Amino acid sequence: MDSIRSYLGMGIKKFIGFQAFELTYLGVLAVLPFIVVQPFIAKTILFVAFLIILNVVYQKLTFRRINTEEKYVFITGCDTGFGNAVARRLSGEGLSVFAGCYNPDGKGASQLRSEYSNIQIIKLDITDDNSVDLAFAEIEKKVGDKGLWALINNAAVYGVGDIEFSPLDEYRRLAEVNLFGLVRVTKKFIPLVRKSKGRIVNVTSNKGRIGMPSNSAFCMTKYGQEGFTDALRMEMKKFGVKVITVEPGNFTGSTAMLSKNKLPTYEIELEKMWQSSPQEVKETYGRSYMDGMIKSIADYSSKSSNSIAPVVNTIEMAVISQNPNQRYLVDGSNSLLDQDNLLIRLGSFLPERVIDFMVDRAYSSDKLLPKEKSA
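Here you go:
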C-alpha cells in the first residue's frame, strides 16, 4: 500500500510511464516498412519492444521505497537548475542533503540554507583537488560510519560552436568540469558510498548518446561520462553499490545552460570565436553562418521543456527506489516528443546514415554557407 500511495503522489503521468507508450508508437513506425518485406524482422523488433514495455510496467508496479531516515546524499552543482531542485526534493523526502555549491554565498545556496534545516551547503569547485578534499573531509566527519547513501554528480557546463571555430581551450574547459570533475569527485567519494552500499547517480545527457553539430565539445565530455559510468557500474557491483545514469533531453532553456538570460553570453563567446578564427575559415563559412548559429541556439533553447520536473522526478527515483534502473533517458522537449531521444531509441533499428540524415534535417546549417561553398 505504501508503494501505491507513493506512486499516486508522484502523478499519473509518471506512474503510467509515458515513454513506454512513446516507444510503442516508435516501434510501430519503425517496423512498418518491414511488415510487408521482412515479416520475421518486424516480429522480432515488436517482440523486443514488448519486452522493454513489459519491463517498464514491472518496474512501476514493483516499486519499493527505501527508508530515508538517517541517510545522507551529496549533490554537486546545486547553485541552480537540476541540482538545486533535487536538493529541495530529497530534503522533502527526509534525506539529509549536502549541497555542493560553487558560490556558497550566492542566491541559490542562500535560499537552500535558509529554507531547509536538513540541507548543508558545501563549498565546492569540482575542478580543484583541494576543494574536493575539503568537501570530503567535512562530509566524512558528519556521516561517520553510516557512510553516504547517494552521490549525485550533476555539475556541468555547456558550450557551443562548430569544430573549426572552437579553440582547444574550449574543449579543455568543458572536459575539466564535465568529465574530469565528475571523475575527481567520484574517486574521492566512492569509499563513503561503499560503506552504505548506496548508489552513485551520474547526470549525463542525451548528447552522450548521439552526436550533434555545433556541440562537439559538450558531446565529447558527455560521451566520456557515459563510458566512465558504464565501467564504474560494473566495477561497483561486487560491493553492492548501484550506479545509475540519468540522461536528460532538451532542458537547456529551463536551466542555466541556455536560459534567456544566458543567451547573450553565448553570443559574445561565438563572436570571440569568429574574431579569433583564421581568415580562410571566415571566408569558407561567411559571416552569415555565425549569425545563423546564434539564431539557431536561441531556437533550440525555445524548444526545450518548460519544466525540469521530469529530470528531478527521475533523479529522485534513482535515489529512493530499492531497485532503480541502470539508465534513464528523460524526454525534454516542449512538444509531444523529444526528437533527439526518438533518434536514440530508434538507433538500434536504423542504419547510422539514416540517423545522420535525420539529425542533418533537424539541425543542418548548410543553407547558411555561401552558395558556392555549400555541398
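Counted from 1, the sequence shown has number 125 at position 125 by full-length UniProt numbering; the numbering is strictly sequential. Heads up, the beta-carbon is just placed ideally off N, CA and C, and yes, glycines get one too. Note that the coordinates shown come from a computational prediction; the quantities given were computed from them, not determined experimentally.
For Ser335, the secondary structure class from DSSP, reduced to helix, strand or coil, is coil.
Straight-line measurement puts the Cα of Lys295 at about 33 Å from the Cα of Arg327.
Here the alpha carbons of Arg88 and Gly224 stand approximately 29 Å from one another. Taking all protein chains in view, the Cβ of Ala362 is surrounded by fewer than 16 other Cβ atoms within 10 Å, so the residue is classified as exposed. The Cβ neighbour count for Ala137, taken over all protein chains shown within 10 Å, is under 16; the residue is labelled exposed. Exposed is the label assigned to Asp145, since fewer than 16 other Cβ atoms lie within 10 Å of its Cβ.
For Pro191, the enclosing alpha helix (DSSP H) starts and ends at 180 to 196. Annotation for Lys282: Trp274 place their beta carbon closer than 8 Å to its own, counting only its chain and skipping 5 residues before and after.
Between Ile200 and Arg184, the alpha-carbon positions lie close to 13 Å from each other. In terms of CA proximity to Ser254, Thr80 leads the group Leu61, Tyr72, Thr80, Glu271. If one requires a minimum length of 4 residues, the alpha helix (DSSP H) runs lying completely within the region 82 to 132 are 107 to 115, in chain order. Taking all protein chains in view, the Cβ of Tyr72 is crowded by 16 or more other Cβ atoms within 10 Å, so the residue is classified as buried.
With respect to the C-alpha of Lys222, the residue from Thr314, Glu247, Leu90 having the closest C-alpha is Glu247. The C-alpha of Ser214 lies about 9 Å from the C-alpha of Gly159. Of the candidates Thr229, Phe74, Ile320, Val359, Val359 places its Cα closest to the Cα of Leu346. Per DSSP, the unbroken alpha helix (DSSP H) holding Glu280 starts and ends at 279 to 285. Judged by DSSP secondary structure, Thr265 falls within the alpha helix (DSSP H) whose first and last residues are 263 to 276. For the pair Asn202 and Ala156, the Cα-to-Cα distance works out to about 11 Å.
In terms of CA proximity to Gly211, Phe357 leads the group Gln59, Phe357, Ile122.
The Cβ atoms of Met293 and Leu270 lie closer than 8 Å to each other. Tyr171: member of the alpha helix (DSSP H) spanning 168 to 174, first to last residue.
Sixteen is the threshold: since fewer than 16 other Cβ atoms of the shown chains lie within 10 Å of the Cβ of Ile268, the residue is exposed. The distance from the Cβ of Gly249 to that of Gly332 is about 3 Å, consistent with a contact at the 8 Å cut-off.
Taking the C-beta atoms as reference points, Gly77 is found nearer than 8 Å to Asn154.
Counting of Cβ neighbours within 10 angstroms places Phe251 among the buried residues, the total reaching 16 or more. Residues Ile308, Val312 of the same chain have their beta carbon placed closer than 7 Å to that of Ala85, with the five preceding and five following residues left out of the count.
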